[in-house]
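Structure first, then comments.
Numbering (full-length UniProt numbering), first residue to last: 1 to 417.
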């Protein structure tokens, strides 16, 4: 995991731009990745999510050019793509990284004079690709903001997020929810944010209830660790799409059963159904659909509970629910991974007496990263212990990268040159 600060990333992006394009960048934008306390998968089924922006970011450095030719260089892939940004813009083959940029351009075409735009950009990032912390939103939202600067327009941050979300659906062909784009576009420094994924209302909460409101730096009252287990999750090519279909089917069956006689208690799978309702459906839906619904309803309940617990500072109960969340993901949503399970079992074994409150998987699943909460002041003791135990259980060295998450980052930004 890179330890680059945002300033060093900006500097590197500007230098890279100059070396590749032979001129200076005139616009620099950034957008963060996402870490999350709860609600994965609930965002595309009308639920609530509780993310915060990372201090890891993606940075775009570039300049507007004449015409409609766009040249994009990705440091991560060490590749350049070129395309014309106009009404004939088509997506590339599934899995092509350039589709992120093409998709964003497509949804800004109505804002472009004569329906076209040309630019040169480089993209650099320290958001782990495939790490479950939304490297995709970092590139999408930073690109949105760059195009807005090229066009001299101001777009509402929520509208920006929805354009990025729609671009991921249409061009990347990933049926994601809107959590990642909303927190990357709208996140606030030192805050964790409850997002209503139906209305897109966002409520921001301080990450430390006892912190001095005037303090310049706002850190967590506990230590948050991000463990990347070197198992990249590739959602477009995974079972993600199948989970969406199963959840949609579960919602349909629940509405069919309970939204009758003019009553509509169920607005969406994650808005209205209770476990008691679901239990009545046990013999009326396929077992796999039942299991997916069970996890989603429980995850919605956990997410809303986290809000109260963060405000109370009850990290012990948050940790217990974190462990429960992964168990449900693995057993009922079937999106766990053996290596993630091994590392979470290590953290359970260390336990509260050893300084670990709890841990949960980040992102859509099938690999990626773990979010772990430990007691403040125990970092020097616990981090090497966790790494050693994970190496032993996984039978390989450097099995996981551990990063301390000192604070919640901020949303998308334009940087002065």
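The beta-carbon is built from N, C-alpha and C at its ideal position, and this holds for glycine as well. Here the structure is a predicted model, which means the values were calculated and not measured.
Excluding the five sequence neighbours on either side, which residues of its own chain have a C-beta within less than 7 Å of the C-beta of residue 1, listed in chain order? Confidence at residue 1 is low in this model, with a pLDDT of 35, below 50, so its placement is unreliable and the value that follows should be read with caution. Counting only Cβ-Cβ distances below 7 Å, and skipping sequence neighbours, we find 128, 228, 401, 403.
Stretch-stretch touch, CB-based, cutoff 8 Å, three pairs: the region 365-377 with the region 220-227: They touch, by the three-pair rule.
Need the endpoints of the beta strand (DSSP E) that residue 33 sits in, please. Run containing residue 33: 27-36, per the beta strand (DSSP E) assignment.
With burial defined as no fewer than 16 other Cβ atoms inside 10 Å of the residue's Cβ, what is the status of residue 252: buried or exposed? Burial call: exposed.
Measuring only the C-alpha atoms, how far is residue 169 from residue 293? 23 Å
Give the range of the beta strand (DSSP E) segment to which residue 359 is assigned. 356-361
Measure the C-alpha to C-alpha separation of residue 352 and residue 382 and round it to an integer number of angstroms. 12 Å
Quick one: any contact between the region 43-51 and the region 263-277, if contact means 3 or more CB pairs under 8 Å? yes
Considering only residues of the same chain and omitting the five flanking positions on each side of residue 55, which have a CB-CB separation below 6 Å? 409
Please say whether residue 417 and residue 26 have beta carbons closer to each other than 9 Å? yes
Just curious, the beta strand (DSSP E) that residue 413 is in, first and last residue? Here the beta strand (DSSP E) through residue 413 covers 413-415.
Backbone CA spacing between residue 28 and residue 264 [nearest angstrom]: 48 Å
Return helix, strand or coil for residue 192, following the three-state DSSP convention. strand
Which two residues bound the contiguous beta strand (DSSP E) that contains residue 62? Residues 51-65.
Which term fits residue 339, buried or exposed, when burial requires 16 or more other beta carbons within 10 angstroms of its beta carbon? buried
Taking the CB atoms as reference points, tell me whether residue 347 and residue 386 lie closer together than 9 Å. yes
Residue 321 versus residue 297 - alpha carbon distance: Looking at the backbone, the Cα of residue 321 and that of residue 297 are separated by about 14 Å.
Inspect the CB distances between the region 121-141 and the region 83-95 and report whether three or more fall short of 8 Å. Too few Cβ pairs lie closer than 8 Å, so no.
Once the 5 residues before and after residue 107 are set aside, which same chain residues still bring their CB inside 7 Å of it? 163, 166, 167
Same chain, Cβ closer than 8 Å to residue 133, neighbours up to 5 away in sequence not counted: Once the five neighbours on either side are set aside, the close Cβ partners of residue 133 are 33, 34, 35, 54, 56, 127, 226, 362, 363, 368, 369.
Evaluate the contact criterion for the region 329-339 versus the region 305-315: three or more CB pairs, one atom per stretch, below 8 Å. no
Got a sec? Which residues, its chain only, sit under 8 Å from residue 275 by beta carbon, not counting five neighbours each side? 294, 297, 298
Could you tell me whether the region 2-16 touches the region 99-113, where touching means 3 or more Cβ pairs closer than 8 Å? no
Could you tell me if residue 280 is buried or exposed, where buried requires 16 or more neighbouring beta carbons within 10 angstroms of its beta carbon? exposed
Per the contact definition of three or more C-beta pairs closer than 8 Å, is the region 106-120 in contact with the region 60-70? yes
Could you check if residue 184 is buried or exposed, using at least 16 other CB atoms within 10 Å of its CB as the buried criterion? buried
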